[in-house]
Each structure stands twice: as structure tokens, then as C-alpha cells.
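Novice: The working numbering applies: residue 339 is where the sequence shown begins, and numbers increase by one. Got a structure for you, written out below as C-alpha cells; questions coming shortly.
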Amino acid sequence: MQRRISAEDMRWPGYLRAPHEAKPTAMGLWTTATDPLGRCELVPELIAAAIYPGEAATDLVVDHLLMLADSGFLTIYEERGSEWIALRRPLRVDARLASSDAPEPPREHSRTFAAVGGAGERARARVRSEGAERSGEWESWEREQETRSRPPRRPLLLDAPPIGCPDHPSGRREDCGPCGTYRRRHDRWLAQERYTLQMTEYEQTQETEEAWGGDPF
339 MQRRISAEDM RWPGYLRAPH EAKPTAMGLW TTATDPLGRC ELVPELIAAA IYPGEAATDL
399 VVDHLLMLAD SGFLTIYEER GSEWIALRRP LRVDARLASS DAPEPPREHS RTFAAVGGAG
459 ERARARVRSE GAERSGEWES WEREQETRSR PPRRPLLLDA PPIGCPDHPS GRREDCGPCG
519 TYRRRHDRWL AQERYTLQMT EYEQTQETEE AWGGDPF
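So this is what it looks like as C-alpha cells:
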């Protein structure tokens with residue numbers, strides 16, 4: 339039986355709230371891994387083989403199932419001594435063909451997932467997911483800082499005092515006491531301005547590190 343995902347399914351909040359990395363598994367559960375009523379026994383190896391054939395994806399599927407349970411895409415429940423999943427919104431199919439051998443999910447949906455460690459494993463999966471999202475945000479920020487265009491810095495020589503005295507504003511090779519004095523003033527001004535720019539850049543890096551608290555993650 340061929341099942342198709344509609345635009346309305348893609349706008350369902352249970353799917354929209356799902357973490358981006360878990361969405362391919364959500365689509366596979368819709369179309370491949372569950373029966374026409376959106377149910378199947380919770381056997382991570384079989385679900386992984388149905389959605390990602392030929393890949394070692396069991397651990398990935400375990401993480402995604404936990405994420406999808408937390409986002410409200412599916413329910414995890416226990417019946418007949420086994421664990422099962424039921425999609426909160428199965429795809430629409432011909433009612434005459436819609437049947438399931440899986441037990442009905444309880445009215446009070448349980449998110450306990452004993453097969454992969456229960457609440458502790460769910461917490462670890464959430465932390466990994468949030469860490470991956472935060473890492474992606476910082477990588478985007480760093481790329482933006484590296485590629486952001488900046489106007490060229492005005493050359494200091496355009497603002498520096500004259501290199502020579504009023505009689506020789508461009509300086510001269512022959513001895514001229516006032517020219518020497520102006521030259522030393524010129525060199526000192528350049529050195530001070532360059533040092534000021536270096537200290538400004540240093541202080542900016544210190545402010546950034548303080549804002550991060552020493553650890554961006």
C-alpha cells in the first residue's frame with residue numbers, strides 16, 4: 339500500500355516541532371516503518387533497517403525516536419509484554435485497507451522507553467541534540483565574522499603631522515634642526531597611534547571572551 343505525505347501533514351505541529359535532524363526518520367515512520375494506522379513494535383534494529391536500509395543506523399534511530407516522542411510526533415507505550423510506537427497523526431489511507439495487528443495505544447500516552455534506558459537516555463539524547471544545534475549556531479556566527487565585509491582602514495599617514503618643518507614640509511636631506519624635530523614628532527605620533535589601535539583590538543577580544551563566560555557552550 340503506497341502512502342503519500344501531504345502538505346497538510348508537513349504543517350502538522352507534531353512534525354514542525356520535531357528537531358530538524360529527526361525529520362527524515364519521521365518521514366520514514368510515516369511511509370515505511372509503521373502499519374497503515376501508524377503503529378509498529380519498538381524494535382530499533384528493524385525500524386532502522388526499514389528506513390535506512392544498508393546503513394548502521396540503529397543508534398541514530400534510537401536518538402530520533404526519543405526526540406520524536408518528546409516533540410509529540412509519536413507515542414511510546416507497552417502492551418503484550420513489548421514496547422510499541424503509535425504515530426499521533428498517521429497518514430490518511432483508504433479506510434477499507436486501514437488495519438493493524440498492533441495493540442491500541444492507551445488513552446494516557448506514556449513516553450517511557452525502557453528499551454534504551456528510559457528518562458536518562460532521553461535526557462542524553464536531548465543534550466546531544468541541543469549541543470549540536472548550539473555548535474551549528476556558533477559555526478554560523480564565526481563564518482559570518484570571517485566573511486563580513488569591512489571598510490578599509492584609513493592610513494595613519496593621511497592624518498600624521500608633517501614630516502618636515504614649515505620651511506621644508508616634506509623634509510630635506512641637508513641638515514635642518516627644525517626638520518629633525520618635526521620628523522621625531524611625526525614618528526612618535528605614528529608609533530602612538532599604531533599602539534592605540536593594537537590595544538583597542540586587544541580590549542575588544544577581552545570583551546568578547548567575558549561575554550562568552552570563557553565557554554561558549
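C-beta: ideal position from N, C-alpha, C; glycine also.
So V400 and R341 are in contact, right, with Cβ under 8 angstroms, and what is the actual spacing, rounded?
Specialist: By 1-based counting over the sequence shown, the position of residue 400 is 62. By 1-based counting over the sequence shown, the position of residue 341 is 3. Not confirmed; about 24 angstroms, so no contact.
Novice: I'd like to know whether the C-beta atoms of L425 and G366 end up nearer to each other than 8 angstroms.
Specialist: Within the sequence shown, residue 425 is the residue found at index 87, counting from 1. Within the sequence shown, residue 366 is the residue found at index 28, counting from 1. Cβ atoms of L425 and G366: not closer than 8 angstroms.
Novice: Would you give the residue range spanned by the alpha helix (DSSP H) that T396 belongs to?
Specialist: The residue labelled residue 396 in the question sits at position 58 within the sequence shown. Counting along the chain, the alpha helix (DSSP H) containing T396 begins and ends at 396-409.
Novice: Could you pull the start and end residues of the alpha helix (DSSP H) that R385 belongs to?
Specialist: For this step, residue 385 is matched to residue 47 along the sequence shown. Sequence check: residue 385 is Ile here, not Arg. DSSP places I385 in the uninterrupted alpha helix (DSSP H) bounded by 382-389.
Novice: If distances are taken between C-alpha atoms only, which option among E541, E480, W527, E417 comes closest to A498?
Specialist: Along the sequence shown, one-based indexing puts residue 498 at 160. Checked all of E541, E480, W527, E417; the closest Cα to A498 is W527.
Novice: Leaving out the 5 sequence neighbours to the left and right, which residues in its chain are closer than 6 angstroms to P516 when beta-carbon positions are compared?
Specialist: Here residue 516 refers to the residue found at position 178 of the sequence shown. The answer, listed in chain order, is C503.
Novice: Among D513, G509, L535, Q536, which residue has its Cα nearest to the Cα of R523?
Specialist: Walking along the sequence shown from the start, residue 523 turns up at place 185. For R523, the nearest C-alpha among the options comes from G509.
Novice: Taking the alpha-carbon of T372 as reference, which of P493, P428, P507 has the nearest alpha-carbon?
Specialist: As a first step, residue 372 is located in the sequence shown; it is residue number 34 there, counting from the start. Looking at the Cα atoms, P428 is the closest of the given residues.
Novice: State buried or exposed for I343, treating a residue as buried only when at least 16 other CB atoms are found within 10 Å of its CB.
Specialist: Walking along the sequence shown from the start, residue 343 turns up at place 5. Counting Cβ neighbours within 10 Å, I343 comes out exposed, since fewer than 16 surround it.
Novice: Can you give me the start and stop residues for the beta strand (DSSP E) that E442 sits inside?
Specialist: Indexing the sequence shown from 1 puts residue 442 at position 104. Here E442 belongs to no beta strand (DSSP E), and DSSP marks it neither H nor E.
Novice: According to the neighbour-count rule (16 or more other Cβ atoms, all chains shown, within 10 Å of its Cβ), is T543 buried or exposed?
Specialist: Stepping through the sequence shown from its first residue, residue 543 is reached at position 205. Exposed, because fewer than 16 other Cβ atoms sit within 10 Å of the Cβ of T543.
Novice: Counting pairs of Cβ atoms below 8 angstroms between the region 379-391 and the region 416-423, do you hit three or more?
Specialist: yes
Novice: Looking at R355 and S409, is the spacing between their C-beta atoms short of 8 angstroms?
Specialist: Along the sequence shown, read from residue 1 onward, the residue named residue 409 stands at position 71. Along the sequence shown, read from residue 1 onward, the residue named residue 355 stands at position 17. Their beta carbons are under 8 angstroms apart, which means S409 touches R355 by this criterion.
Novice: For P351, I'd like the list of residues in its chain whose CB is within less than 8 angstroms of its CB, leaving aside the five on either flank, ordered along the chain.
Specialist: The sequence position of residue 351 within the sequence shown is 13, counting from 1. Counting only residues of its own chain and dropping the five nearest sequence neighbours on each side, P351 has a CB closer than 8 angstroms to the CB of G410.
Novice: What does DSSP give as the partner residues of L425 in its beta bridges?
Specialist: Here residue 425 is taken as the residue at index 87 of the sequence shown, counted from 1. Looking at the DSSP assignment, L425 forms a beta bridge with L412.
Novice: Quick check on DSSP: helix, strand or coil for R377?
Specialist: Residue mapping note: residue 377 aligns to position 39 of the sequence shown, counting from 1. DSSP places R377 in strand when its eight states are reduced to three.
Novice: Thinking C-alpha only, which one of E531, I389, P444, T519 is nearest L496?
Specialist: By 1-based counting over the sequence shown, the position of residue 496 is 158. Ranking E531, I389, P444, T519 by Cα distance to L496 puts E531 first.
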